[in-house]
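In UniProt numbering, the protein residues as written are 1 to 251. Have a look at the structure below before the remarks.
Following this line, the structure appears as structure tokens:
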């Protein structure tokens, strides 16, 4: 009795295996067959045209299409400039994280962002980039017009290294450093090192400094400095040399 039941189970199992193999064979036969490269085709065959044109795909074997293109991804990013928002954050000393949190709450109350649409979210990195951009624009705008220039020099000891053969030797030398400041708002331009403290060298260094920084001094009307001989001497001092270079008097 038990052997009969066992043999029936084996027969049913074999029957199921045969049915599965038949279904797999039918599905395999239904798959489109690709033509070999050696198959002859007529001159008007569209498949022959696609074989000759590698940029065109045959109609019988369409390629999968990806809906998430680069254009769709770019739409999910915040592309709006936030100059006014960055200005107010700097004015009231709001941190990047706090500014991002406040903007998120405001946009959520206005219904601009929700669970389905998060493309307009402003994170702290976006706030930081906008603040840096706004600061650079203000800095360039403030440096456009220079009406009064203050400069002062002092001798400092600087550590330098010179190469002799294959070795470097360190030494301490005394250099003349010139600091320049724009008087409207006391904006610091920078400092420059000159080879000597003569008036001609300092004048050339100041003019070259503004040329490299691309700062116009066409509207310069006054120069402020201390009363040393190299600045306000009776012979060729720095102010007089600047007047000759600019071809106009300076206060």
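Yeah, the Cβ is synthetic: ideal placement off N, Cα and C, and Gly gets one too.
Of the residues 165, 180, 161 and 178, the one whose Cα lies closest to the Cα of residue 171 is 161.
Taken in chain order, the complete beta strand (DSSP E) segments of 3 residues or longer contained in the region 165-217 are 167-182 and 187-194.
Note that the C-beta distance between residue 231 and residue 239 is below 8 Å. With respect to the 8 Å criterion, residue 152 and residue 225 are classified as neighbours on the basis of their beta carbons. In the three-state scheme derived from DSSP, where H, G and I count as helix and E and B as strand, residue 221 is classed as coil. It is roughly 7 Å from the alpha-carbon of residue 217 to the alpha-carbon of residue 147. Across the structure, residue 193 and residue 180 are spaced so that their CA atoms are roughly 12 Å apart. For residue 96, the enclosing alpha helix (DSSP H) starts and ends at 96-109.
By the C-beta criterion, the region 94-103 is judged to be in contact with the region 122-130, since at least 3 inter-stretch pairs fall below 8 Å. For the pair residue 86 and residue 108, the Cα-to-Cα distance works out to about 19 Å. Between residue 251 and residue 221, the beta carbon gap of about 6 Å places them in contact (Cβ cut-off 8 Å).
Non-local C-beta neighbours of residue 236 in its own chain, meaning closer than 6 Å and more than five positions away in sequence, comprise 199, ordered along the chain.
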